[in-house]
Amino acid sequence: MKVVCVFLAMLLVIALASETTTLRIIEDNISYVKRGKKSNQVTPEEHPGTQQVLGGTTWKSIETPPVLNISKDDNVSRSSIEHGLTQLREKDRIERDMAAKNMSVSHDSPTFIHQTLFKSFSPQSITAARTGFMIDCATEFIMDRLQLNKTDITFDILVSDQLAQEEFCDQDQVSSSCEAFSKYRSSNGTCNNLANPLWGATFRPFRRVAPPDYGNGVSSLRRSQDGQPLPSARRVSAAVNSIRPNGESFLLSVLHMTYGQFLDHDLTFTPLNKGMYGDAIPCCPDALGDPTLLHPECAAISIPADDPFYSRFNQTCMEFIRSAPAPRCLFGESIFFKSTRTMNEKTAYIDGSQVYGIDDEMMNSLRTMDDGLLIAQMTNEGEELLPANTDLTNECNKAEQASMNQFCFRAGDRRVNEQVLLVLFHTVWARHHNHLASRLKNINPSWNDEELFQEARRIVGAQLQHVTYNEYLPPIFGKKLIKDSKLKPLKNKKRKNFYIPDKSAAISAEFATAAFRFGHSQIAGHMERVDDFGDISSTETSSVFMNPFVVYMKGAVPQLTRGEVRQSAGEVDPFFTPQVAGKLFKGMNMFGLDLMSLNIQRGRDHGIASYTALRASCDLSSIHDFPDLSGIMDEDVIENLEDVYRHVDDIDLFVGGLAEHPVDGGVVGPTFACILLDQFLRLKVGDRYWYETNDKLTRFKKKQVKEIRKTTLAGIMCKVIPELTEIQAEPLKVASLENPVVSCSSFPELDLSHWKE
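Mature numbering (1 follows the signal peptide of the UniProt record, and there is no 0) puts the sequence shown at residues -17 to -1, 1 to 740.
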């Protein structure tokens, strides 16, 4: 057995008022065995066998326990697959019967919006999810037949390689042939890493920071330390949110929240399970009607009878469908059985996929195929907006608005319409691309459409990386941690080879499902607009979800921009605004979903280990009982957590991470800082196309990279929103004496003369 040990030499010190913690960010220590014809695809990227990340104490094995090899002569391996296929056929039957009986959720319900927004339309994703479900069932069969415990299933159970040749394990879903000298990224993330061309590509399983924790060791929701079910996610949410209202940030603007959401949509998308014909799946008894048709991927959230909000509407159940599983044999792996994994449809790079899409087909559908431009629609007032999505059957369009030729929008990410400020930010970057492409054409009139498009896309990707690391991340981590971690961009013309070929940028489940969702606590209770005369109007936040039509109003883009840079974001804490803690996607209904409940349940769905387990993985101080949390969280929060959880090791990562006091100068606590730093370091050193690289095949010229470093978010917004005449120098922060409002003329424009050929 080959042991792969790669260490990133990085020592990060977080100084807190209550504790001084040393974080050691350590590259994966993974053992794996070559298997099957395409064994090179069984990689350290996402294999959760014995991964040691962040120098923790919970997953420190250097040598892997022996692989449990089920002999080819043993009927268990074949029987397990047959069992899995039987369960898959039963799931298909349930879905057919539900469709035949027209059993679905109401199209005007919050659940319909939620499930439709996060379902995948990719045939690849659908096939992968079916295979993943089958293998989960087969794994549970093996566990039961061999009487294995949860620890056994953490590691590989190798079955006959011949099983990998079955039709449910298509080994040729993605080509891994690469053009080594390609100047531009692929649309789907393949070939970034030439030795491992599928690292960071679309439709890959999430990486793990800590071992998964499933109730049965395979796929069921995490359980309490005593083996009983954990408290209802809604009960936890209500208990925490009853302490006090969400506070306002003294530092960050609402735009910081929006930027985080925009960035997240570049990095993560986990599809939900859906019915046979793409239908939303009802899980609650009142919607389901027939309990014999309960879908096996349902995990509805129980609402207590005395709930402080939902009880007034007699609601006792919140719909929840689980994320689609990823198969173990995805992209050429032989089948090996272990805990389930969820799939990330996005590339694991900051590459602007939310603007351009995740494959060539999607990218081309957004292009004019002329002069390198993206498709745009022009309003009667001459304002450039995103292209329209005229599909009246989707979760967003409304007949009344369509009759006025107002439709929801299209972009590289289908969640573009989720909230109106996200639409605004997509508009900014689409306009920016077209502005760059037009200027490049003036400088290089001989360039064809493809050259203009790809170079504009390349510049946009570089600027997204620069703004993220220069403006977005510093207030999250604080100056000291940013400096110590060397995340700050280089200066002037300097270039450097940060790239580490055997370090994967793959997104971790803990990042996507918990830590990077800290931005949900930044959501404000209302959305402001500021007109040309400085008059302010506001709208309840719950009314702007999946309702982007205000963007069609004359002057809406500059008015919304002035509002979101003026308004303070919510403080990062465990308290959510009621606008999303009961009214999410409510539309015209009296109530909606609870975002905190959904996040808690999603963590359990994805097998995310507990808060205390992740603290251990990050080498933070040990927590053995609730009193140990003193000084780490506020006392009233600790009291409520003790009331709702039976054991301190039951605390969900999302809740515990948000409740921590922030690191020095930052806004997140040490556990989330640990997970976030690990990921953003990977996104930098695991990307061969990182904008500061000195790799002669992918680098910018010295004068070009110097120009890119002049990029500011304020400068981009001023350039593409001509009605905007002034803005603070750092719009992700509220205006202050240290961050004054200045004229848009003070921001330099990118000098594209350095791109002239």
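Every residue gets a Cβ at the ideal spot worked out from N, C-alpha and C, and that includes glycine. Computed from a predicted model, the values in this text were never measured in an experiment.
Can you tell me the Cβ-Cβ gap for residue i and residue j, rounded? I've got them flagged as a contact below 8 Å.
i      : j      : result
Arg587 : Leu213 : 7 Å
Ser215 : Pro291 : With a Cβ gap of about 14 Å, Ser215 and Pro291 do not count as contacting.
Phe559 : Met573 : Contact flag wrong, Cβ pair sits at about 18 Å.
His630 : Gln208 : 4 Å
Phe116 : Leu71  : 6 Å
His449 : Ile691 : 6 Å
Ser240 : Ala82  : It should be pointed out that residue 240 corresponds to Met in this sequence rather than to Ser. Actually they are not in contact, since the Cβ atoms of Met240 and Ala82 sit about 39 Å apart, beyond 8 Å.
Ser491 : Arg191 : 6 Å
Asp196 : Ser729 : That pair is no contact at about 52 Å.
Is the beta carbon of residue i less than 8 Å from the beta carbon of residue j?
i      : j      : result
Ser321 : Gln98  : Checking the sequence shown, residue 321 turns out to be Lys, not Ser. It is not a contact, given that the beta carbons lie outside the stated cut-off.
Val599 : Met616 : At residue 599 the sequence reads Ala, which differs from the Val that was named. The answer is no: Cβ separation not under 8 Å.
Cys727 : Leu707 : yes
Gln337 : Thr694 : no
Gly649 : Gln562 : no
Met326 : Thr253 : yes
Ala193 : Ala596 : yes
Pro403 : Leu543 : For the record, residue 403 in the displayed sequence is Val; it is not Pro. Taking 8 Å as the Cβ cut-off, Val403 and Leu543 qualify as a contacting pair.
Gly640 : Ala495 : no
Arg500 : Asn388 : no
Cys120 : Gly67  : yes
Glu732 : Lys702 : yes
Leu369 : Thr410 : yes
Phe303 : Ala283 : yes
What is the rounded straight-line gap between the Cα of residue i and the Cα of residue j?
i      : j      : result
Glu78  : Ser87  : 10 Å
Leu118 : Gly395 : Per the sequence shown, residue 118 should be read as Ile rather than Leu. Going from the Cα of Ile118 to the Cα of Gly395 covers about 31 Å.
Asp153 : Phe189 : Legend: pLDDT at Asp153 = 48, less than 50; position of this residue unreliable, value from coordinates given subsequently. Answer to the nearest angstrom: the Cα atoms are 20 Å apart.
Ile45  : Ser487 : In this prediction, Ile45 scores a pLDDT of 30, lower than 50, which makes its location untrustworthy; no coordinate-derived value is stated.
Leu680 : Ser165 : 7 Å
Tyr452 : Leu666 : 11 Å
Pro93  : Asn623 : 29 Å
Gly614 : Asp608 : 13 Å
Cys281 : Pro268 : 11 Å
Pro106 : Thr376 : 19 Å
Ala489 : Ala331 : 5 Å
Trp182 : His248 : 19 Å
Leu664 : Ile658 : 10 Å
Ser89  : Phe104 : 20 Å
Val725 : Trp412 : 22 Å
Asp670 : Asp647 : 29 Å
Leu660 : Arg585 : 22 Å
Glu231 : Thr275 : 47 Å
Met126 : Val223 : 37 Å
Tyr242 : Phe637 : 20 Å
Val555 : Val201 : 33 Å
Val142 : Asn171 : Only weak support is given to the placement of Val142: the predicted model assigns it a pLDDT of 44, under 50, and the question is left unresolved by the model.
Glu65  : Asn85  : 30 Å
Leu246 : Arg422 : 26 Å
Ser381 : Ser604 : Note that residue 381 is Lys in the sequence shown here, rather than Ser. In a straight line, the C-alpha of Lys381 is about 52 Å away from that of Ser604.
Gly502 : Gln244 : 7 Å
Gly340 : Gly575 : 30 Å
Under the DSSP definition of a beta bridge, which residues are partnered with residue i?
i      : result
Phe392 : Ala371
Leu255 : Ser306
Glu523 : His509
Gln711 : Val724
Arg545 : None; Arg545 has no bridge partner.
Met616 : Ser613
Glu231 : Gly553
Asp577 : Ala564
Ser236 : Ser551
Lys716 : Leu235
Gln662 : Its beta-bridge partners do not exist; DSSP assigns none.
Met361 : Glu367
Ile284 : Met301
Asn380 : The partner list for Asn380 (beta bridge, DSSP) is empty, contrary to what the question assumes.
Ala327 : Here residue 327 is Asn; the residue named in the question, Ala, does not match the sequence. Looking at the DSSP assignment, Asn327 forms a beta bridge with Arg187.
Is residue i near the ligand SAM - that is, is its Cβ less than 7 Å away from at least one heavy atom of it?
i      : result
His630 : This structure does not include the ligand SAM; it has no bound ligands of any sort.
Is the segment 540 to 549 close to the segment 595 to 613, with three or more CB pairs under 8 Å?
Not touching, per the Cβ criterion.
Report yes or no: do the segment 471 to 483 and the segment 652 to 659 share at least 3 C-beta pairs separated by less than 8 Å?
No, they do not touch.
I'd like to know if the segment 395 to 408 and the segment 339 to 357 are in contact, where contact means that at least 3 CB-CB pairs between them fall below 8 Å.
The segment 395 to 408 is in contact with the segment 339 to 357.
Given 8 Å as the limit, is there contact between the segment 513 to 533 and the segment 673 to 682, that is, 3 or more CB pairs closer than that?
Look at the beta carbons and you see the segment 513 to 533 not touching the segment 673 to 682: under three pairs across the two are nearer than 8 Å.
Would the segment 233 to 244 count as touching the segment 713 to 723 if we require 3 or more Cβ pairs under 8 Å?
Between the segment 233 to 244 and the segment 713 to 723 there are three or more inter-stretch CB-CB distances shorter than 8 Å, so the stretches are counted as touching.
Counting Cβ pairs closer than 8 Å, one from the segment 437 to 445 and one from the segment 363 to 374, do we hit at least three?
No: the two stretches stay apart, fewer than three of their Cβ pairs being nearer than 8 Å.
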